[in-house]
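Okay, so here's the structure we're looking at.
Residue numbers (this note's numbering): 36 to 194.
This is the structure we're talking about:
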């Protein structure tokens, strides 16, 4: 216990380090998965599909649980904001390569579309807690995916 307290002097430092580690693991799993797909739109869609599959697993759900737990903890909330910001910069870099492969010049809109996918997936993961067997969760994801694909295709055509 003494070593743990020395390494993580506060609950916020422990939980933010946990989230940071889990997000890094999820990103590495995603990168390993999507590199199997051809660059461009197939890889971007594989990233979307893999994100959906990840949020059905305990590791990704643990991230959500800590995020929700931060609501009443100012220090944890602040530390998670820092973790989120640093991880968002990494994701922007990875997505930029996907957007370049697709020939998309409007990276802002494409990036917002991908952020919307992640937010939707997280929301659907929460919804799964009370509707475990609902086919509408898959249908909602499929709708989000098809809308994102259509937007990415339109951005490719405009570029």
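For each residue, glycine too, the CB sits at the ideal point set by N, CA and C.
By DSSP, does residue i sit in helix, in strand, or in coil?
i: residue 110; result: helix
i: residue 196; result: Only positions 36 to 194 of the chain appear in the structure, and residue 196 is not among them; the question remains open.
i: residue 141; result: coil
i: residue 50; result: helix
i: residue 163; result: coil
i: residue 92; result: coil
i: residue 127; result: helix
i: residue 45; result: coil
i: residue 72; result: coil
i: residue 170; result: helix
i: residue 189; result: helix
i: residue 194; result: coil
Could you give the C-beta distance for residue i and residue j, rounded to a whole number, given that I count them as a contact under 8 Å?
i: residue 95; j: residue 53; result: Their Cβ separation, rounded to whole angstroms, is 13 Å, which puts residue 95 and residue 53 out of contact at 8 Å.
i: residue 148; j: residue 124; result: Between residue 124 and residue 148 the Cβ distance is about 18 Å, and since that is not below 8 Å, they are no contact.
i: residue 118; j: residue 51; result: 5 Å
i: residue 127; j: residue 146; result: 6 Å
Is the beta carbon of residue i less than 8 Å from the beta carbon of residue j?
i: residue 154; j: residue 142; result: no
i: residue 102; j: residue 115; result: yes
i: residue 194; j: residue 140; result: yes
i: residue 2; j: residue 58; result: One cannot answer for residue 2 here, as it falls past the ends of the chain, which runs 36 to 194.
i: residue 134; j: residue 159; result: no
i: residue 152; j: residue 86; result: yes
i: residue 99; j: residue 191; result: no
i: residue 183; j: residue 83; result: yes
i: residue 93; j: residue 136; result: no
i: residue 46; j: residue 111; result: yes
> Contact between the region 98-113 and the region 74-83: three or more CB pairs below 8 Å?
Replying inline: no
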